[in-house]
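Note that our numbering has the sequence shown beginning at 110, numbered continuously upward. Built from N, CA and C at the ideal position, the CB exists for glycine as well. Nothing here was measured: the structure is a model prediction, and the numbers come from that model. A quick write-up on the structure given underneath.
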Amino acid sequence: MKLNEQMITGELKSSIDKIWNDFWTGGISNPLTVIEQFTYLIFLKRLDDKQLLIEREANLLGVLKEKPIYTPEQASLRWSNFKQKDPEIMFELFTRTQRELDDLTVFDFMKNVGKDGGVFAEYMKGATFMIPTPKLLDKVVQQIDALPLENRDAKGDLYEYMLSKIAEAGTNGQFRTPRHIIRMMVEMTKPRKDDIICDPACGTSGFLVSSGEYIQQKHQDWFYEEDFRTHYNQKMFNGIEFDPTMLRIGSMNLQLHGIETPILVGKDSLSKSNGDINDAYTLILANPPFKGSLDYDDVESSLLKTTKTKKTELLFLSLMLRMMKIGGRAAVIVPDGVLFGSSNAHKSIRKELIENQQLQAVVSMPGGVFKPYAGVSTAILFFTKTNSGGTDNVWFYDMKADGLSLDDKRNLLVTEEALEQCFTEPENIQEEVKGKCDIPNILLDWEEVHETKNHKKFQNRKSQSFIVPKTEIKENDYDLSINRYKEIEYEEIQYEKPEILIEVIKQLDIERKNSLLNLEKLLK
110 MKLNEQMITG
120 ELKSSIDKIW
130 NDFWTGGISN
140 PLTVIEQFTY
150 LIFLKRLDDK
160 QLLIEREANL
170 LGVLKEKPIY
180 TPEQASLRWS
190 NFKQKDPEIM
200 FELFTRTQRE
210 LDDLTVFDFM
220 KNVGKDGGVF
230 AEYMKGATFM
240 IPTPKLLDKV
250 VQQIDALPLE
260 NRDAKGDLYE
270 YMLSKIAEAG
280 TNGQFRTPRH
290 IIRMMVEMTK
300 PRKDDIICDP
310 ACGTSGFLVS
320 SGEYIQQKHQ
330 DWFYEEDFRT
340 HYNQKMFNGI
350 EFDPTMLRIG
360 SMNLQLHGIE
370 TPILVGKDSL
380 SKSNGDINDA
390 YTLILANPPF
400 KGSLDYDDVE
410 SSLLKTTKTK
420 KTELLFLSLM
430 LRMMKIGGRA
440 AVIVPDGVLF
450 GSSNAHKSIR
460 KELIENQQLQ
470 AVVSMPGGVF
480 KPYAGVSTAI
490 LFFTKTNSGG
500 TDNVWFYDMK
510 ADGLSLDDKR
520 NLLVTEEALE
530 QCFTEPENIQ
540 EEVKGKCDIP
550 NILLDWEEVH
560 ETKNHKKFQN
570 RKSQSFIVPK
580 TEIKENDYDL
590 SINRYKEIEY
600 EEIQYEKPEI
610 LIEVIKQLDI
620 ERKNSLLNLE
630 KLLK
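Spelled out as structure tokens, the structure:
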């Protein structure tokens, strides 16, 4: 996976920036509304592009292989047609029902296109056209028309760059897990050929997109096999999300990254209506919502058996264990409170992970990772569902730097190329990014701990990376906070004797008096 900004440079980056600014100056100031309206227009262009492809194939073969999306009578509703109209006429096609077209508008057609529009079209209920003026609509349509949406890599990167602006705006940031943190989690879990991947709080589908890109980059040879292509396109990527806006944005993000038919479910993962997903997934990657609270009556009853709580961050861990197949892996971001909370619910979920499952790692992240919209300290838990235990040692890593500043600005501390190398060549970039980005160290240490089982190297509790045996964690009431086990090395500071310090103060006092006398002489 590439950094969004790395690929979006120069003219393309300026194009997206201009579209964003035009929306804002045109009266749409909510970042999510901007993204949503942008998404609708991209979808309309993709519908027309698909129709053009069907028509070209029909002309070439002399027969229609696919059912057209638009009828000849609906030509005025197509992107290639309305983009050439005057702004006022185009705006009317979007906002005023056309009597000769069964009272449809361009927007109505998009909402009702159904299966012909792919997975995105399934989540159009409640979609609203909110572009307020002909001038703004025309500006944005013409700019989108010039974007290279026919290029798979470019269109995905363009959309990711647009999504990154949610965080820049400082609002609705809970939907944006930093992409390099997602990528680190994907690299550590290494999606496999037969994995069925799920994010039960998928938002904009960042974890699913990153998993797809990992496979595209690392395992191109898998795509030569028809069985794998079918699996990749139909079963591999699964997401659950209760917010219809997020479903629309997430499904478009996946489609623009070449994942055309993900399985996205529009429901609350923790609710009673979601009690039918059991032993379904082999890999769960997630950043579930923190600090939420539900009534017991609203929670699916099986989740309360693992840990009786109203806290969403604990319930999600219980949910993941239920949803995973035996042998399934998970990498999940949790707030620090999950690691050391003293309530029975906190202790019971930690005990479950350590005694009945296999907890492998706790990567503690600094508090600024989710700024500017949250300063909460977090950690990533890595575990495997066994239902029979298996935790012998837990690897802890005290991440102090992620490559970006930990203030509200979140500026890069290393070059974009260096951050990319943290993933592609971690062993070659370690020294260059030392103190600024711990990702190379985390990836390399994890490889040694998890793959080669080289535990001797990680006995020093004064370092950022060390192993703690299960027995010690059990003795500490299953506390998983890194500070419980880390040894802090105090530097002895030597102070001068008091009589020497007093002499120094006296000397300074003499110098001060002399300076005042000299100043008085100069003023006379």
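Three-way DSSP call (helix, strand, coil) for residue i in this model
i	result
T487	strand
V472	strand
L356	helix
P398	coil
K244	helix
S124	helix
G282	Here the model assigns G282 a pLDDT of 43, short of 50, so the residue's position is not dependable, and the following value carries that caveat. Helix.
W129	helix
V250	helix
Y323	helix
A236	coil
N362	helix
K111	Interpretation of K111 is limited by its pLDDT of 39, a score under 50 that renders its predicted location unreliable; the figure taken from the coordinates is listed afterwards. K111: coil per DSSP, three-state reduction.
Q641	There is no way to answer for residue 641, as the model of the chain reaches only from 110 to 633.
L403	Interpretation of L403 is limited by its pLDDT of 47, a score under 50 that renders its predicted location unreliable; the figure taken from the coordinates is listed afterwards. L403 falls in the coil class under three-state DSSP.
G135	coil
E201	helix
V558	helix
D388	coil
E541	coil
G315	helix
K220	helix
Q603	coil
Q568	coil
I597	coil
Residues that DSSP places opposite residue i in a beta bridge
i	result
G367	The partner list for G367 (beta bridge, DSSP) is empty, contrary to what the question assumes.
G348	D308, L373
A439	I393, F492
W504	A470, I576
C546	D511
L213	Q207
L521	L513
P635	Shown here, the chain extends from 110 to 633; a query on residue 635 therefore has no answer.
P177	For P177, which the question treats as bridged, DSSP gives no partner whatsoever.
P481	According to DSSP, which records beta bridges pairwise, P481 is partnered with nothing at all.
P444	T487
Run of the beta strand (DSSP E) containing residue i, from where it starts to where it stops
i	result
M429	First-last for M429: 421-432, but that is the alpha helix (DSSP H), not the beta strand (DSSP E).
Supposed contact pair residue j and residue i - C-beta distance, whole angstroms, cut 8 Å
i	j	result
K220	M233	4 Å
P300	Y323	6 Å
L379	L424	5 Å
F505	F449	In fact, because the Cβ distance is near 13 Å, the residues do not count as touching under 8 Å.
V523	L394	The Cβ separation is near 25 Å, so there is no contact.
D507	Q573	4 Å
T313	R285	7 Å
I463	L426	The pair is not a contact, with the Cβ atoms about 12 Å apart (cut-off 8 Å).
G321	G359	G321 to G359, Cβ: 13 Å. No contact.
I178	L156	6 Å
T370	N342	6 Å
CB of residue i within 8 Å of CB of residue j, strictly
i	j	result
G446	T391	no
M345	I306	yes
R187	Q146	no
A454	K420	yes
L430	Q466	yes
M361	Y268	yes
T206	A440	no
K434	D388	yes
V485	P444	yes
H289	L552	no
K456	V503	no
V249	I128	yes
F351	G375	yes
L258	I386	no
K545	D516	no
Boundaries (first-last residue) of the alpha helix (DSSP H) holding residue i
i	result
Y628	Residue 628 is actually Leu in this sequence, not Tyr. Its alpha helix (DSSP H) spans residues 607-632.
N537	535-538
E335	335-343
F147	140-170
S451	Neither: S451 is in no alpha helix (DSSP H) and is coded neither H nor E.
Y587	Note, Y587: premise wrong, no alpha helix (DSSP H); not H, not E.
W331	That residue, W331, is in no alpha helix (DSSP H); it is neither H nor E in DSSP.
R292	288-298
S189	188-191
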